[in-house]
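Taking numbering that gives the first Met the number 0, the leading residue of the sequence shown gets 0, the next gets one more, and so forth. Even glycine gets a Cβ: it sits at the ideal position worked out from N, Cα and C. In this text, all values refer to a predicted model and were calculated from it rather than measured experimentally.
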Amino acid sequence: MTDDWTIRSRTTPEEIIVKIRSIAPALTLVAALSLAACSGTDDGTDAPDATDDTASAPADETSEATDDGADMAAPFGPTCADVPTTGAGSFDGMSEDPVATAAGNNADLSTLVDLVGLAGLGDTLNTTEDITVFAPANAAFEALPPETVEAVQADPDGLLTTVLTYHVVPERIAPEDLAGTFTTLQGAELTVEGSGADFTVGADAATVVCGNVQTANATVYIIDGVLMPPSE
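Set out below in structure tokens:
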């Protein structure tokens, strides 16, 4: 004998079809929502780009470092403003020529260039790599006693060469390394004192009036005095 519960629990095929049809719209909605959620997750354009700030930071730091480096490499001193901004005598123009040639394009170094030519040192200065030249401006020679100028001009292979090579150090000296004692091309030692943009050179304390001028083979410090080597 079959109980009432078994009879009530039986479902006809027709009733099953009706129930499936009634829940089909709900299943379709759930599927659509699931696909939309997956699509939002996979689309990389919706996510914040975390690399933008990270990628730009090193570029900004590099730019600042480059600017600082440029400032450190710039010529300094009160007479640098008198140097032409264009042409062979400008800082850019001088940087392309060897030192004796570059000095010849600077109107304030014309006396020095004439004396270098008299002593026959032009080729030596132009072909020697990595040197530092303390270059007296024209006014420095004008301040010398006339008899001193006559004496050096009368002995180009001796006294004049000795004086001029005392102005040359056989290494490039950057401003941050300028304070110190150096052995010159002449053989005697030369002492530079100071810091920053204020330096004096030699026993008579000639002042650097335009420093860190770059040529193809030399660093030049223009000074307001003529350096005399110590007596032996």
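Report yes or no: do three or more beta-carbon pairs, one from the region 206-213 and one from the region 75-90, lie closer than 8 Å?
Counting C-beta pairs closer than 8 Å gives three or more between the region 206-213 and the region 75-90, which meets the contact rule.
Assigned exposure category for PRO97 - 16 Cβ within 10 Å defines buried: Counted from its first residue, the sequence shown places residue 97 at position 98. PRO97 comes out buried.
Notebook entry, point to check: Which of helix, strand or coil does DSSP assign to ALA69?
Noted result: Reading the sequence shown from its first residue, position 70 is the one you call residue 69. Because the pLDDT at ALA69 is just 37, under 50, the model does not fix this residue reliably, and the value given afterwards should be weighed accordingly. Of the three classes helix, strand and coil, the one that applies to ALA69 here is helix, per DSSP.
Given a threshold of 16 other Cβ atoms within 10 Å of its Cβ, counted over all protein chains shown, does ASP70 qualify as buried or as exposed?
For this step, residue 70 is matched to residue 71 along the sequence shown. Interpretation of ASP70 is limited by its pLDDT of 44, a score under 50 that renders its predicted location unreliable; no figure is taken from the coordinates.
- Query: Do ALA138 and ILE222 have their C-beta atoms within less than 8 Å of each other?
  - Reply: Locating residue 138 in the sequence shown gives position 139, counting from the first residue. Locating residue 222 in the sequence shown gives position 223, counting from the first residue. Judged by beta-carbon spacing, ILE222 lies beyond the 8 Å limit of ALA138, meaning their Cβ atoms are not closer than that value.
Open item on the list: Does GLN213 come out as helix, strand or coil in the three-state DSSP assignment?
Closed with: By 1-based counting over the sequence shown, the position of residue 213 is 214. Correct three-state label for GLN213: strand.
Just how far apart, CA to CA, sit THR218 and GLY224?
Residue 218 sits at position 219 when you count from the first residue of the sequence shown. Residue 224 sits at position 225 when you count from the first residue of the sequence shown. One C-alpha to the other measures close to 18 Å.
Range of the contiguous alpha helix (DSSP H) that encloses ASP81:
Counting from one through the sequence shown, the residue named residue 81 turns up at place 82. Note, ASP81: premise wrong, no alpha helix (DSSP H); not H, not E.
Inset, instruction - Go ahead and pull the three-state DSSP assignment for GLY92. - result: The residue labelled residue 92 in the question sits at position 93 within the sequence shown. DSSP places GLY92 in the helix class (H, G or I) of the three-state scheme.
Task: Anticipated Cβ contact below 8 Å, LEU111 with ALA87, distance rounded - done: The residue you call residue 111 lines up with position 112 of the sequence shown. The residue you call residue 87 lines up with position 88 of the sequence shown. With 8 Å as the limit, LEU111 and ALA87 do not qualify as a contact, their Cβ atoms being about 17 Å apart.
### Query
Nearest CA to the CA of THR214: which residue from LEU117, MET93 and THR85?
Locating residue 214 in the sequence shown gives position 215, where the first residue counts as 1. Selected option, being the one with the closest Cα: MET93.
Hey, could you find the ends of the alpha helix (DSSP H) VAL225 is sitting in? Your numbering for residue 225 matches position 226 in the sequence shown. Looking at the DSSP string, VAL225 is not in any alpha helix (DSSP H), and its letter there is neither H nor E.
Residues that DSSP places opposite GLU192 in a beta bridge: The sequence position of residue 192 within the sequence shown is 193, counting from 1. Looking at the DSSP assignment, GLU192 forms a beta bridge with THR199.
Original post:
Between VAL162 and ALA178, which are expected to be in contact by the criterion C-beta below 8 Å, what is the C-beta distance as a whole number of angstroms?
Top reply: Within the sequence shown, numbered from 1, the residue matching residue 162 stands at position 163. Within the sequence shown, numbered from 1, the residue matching residue 178 stands at position 179. With a Cβ gap of about 23 Å, VAL162 and ALA178 do not count as contacting.
| said: For THR131 and TYR165, I'd like the C-alpha separation in whole angstroms. | reply: The count along the sequence shown starts at 1 and reaches residue 131 at position 132. The count along the sequence shown starts at 1 and reaches residue 165 at position 166. Taking the straight line from one Cα to the other gives about 11 Å.
For ALA118, I'd like the list of residues in its chain whose CB is within less than 8 Å of its CB, leaving aside the five on either flank, ordered along the chain.
As a first step, residue 118 is located in the sequence shown; it is residue number 119 there, counting from the start. Contacts found: PRO155, ASP156, LEU159, THR160 and LEU163.
Please report how far the alpha carbon of ASP113 lies from the alpha carbon of ALA150, in whole angstroms.
Counting from 1 along the sequence shown, the entry for residue 113 is found at position 114. Counting from 1 along the sequence shown, the entry for residue 150 is found at position 151. Roughly 15 Å separates the two Cα atoms.
| request: Use the C-beta contact count for ALA101: other C-beta atoms within 10 angstroms, 16 or more gives buried, fewer gives exposed. | output: Position 102 of the sequence shown, counted from the first residue, corresponds to residue 101. Around the C-beta of ALA101, 16 or more other C-beta atoms lie within 10 Å, and the residue is accordingly described as buried.
Would you mind working out which of PRO144, GLU146 and PRO174 sits nearest ALA196, comparing C-alpha positions?
-> If you number the sequence shown from 1, residue 196 lands on position 197. Closest by alpha carbon: PRO174.
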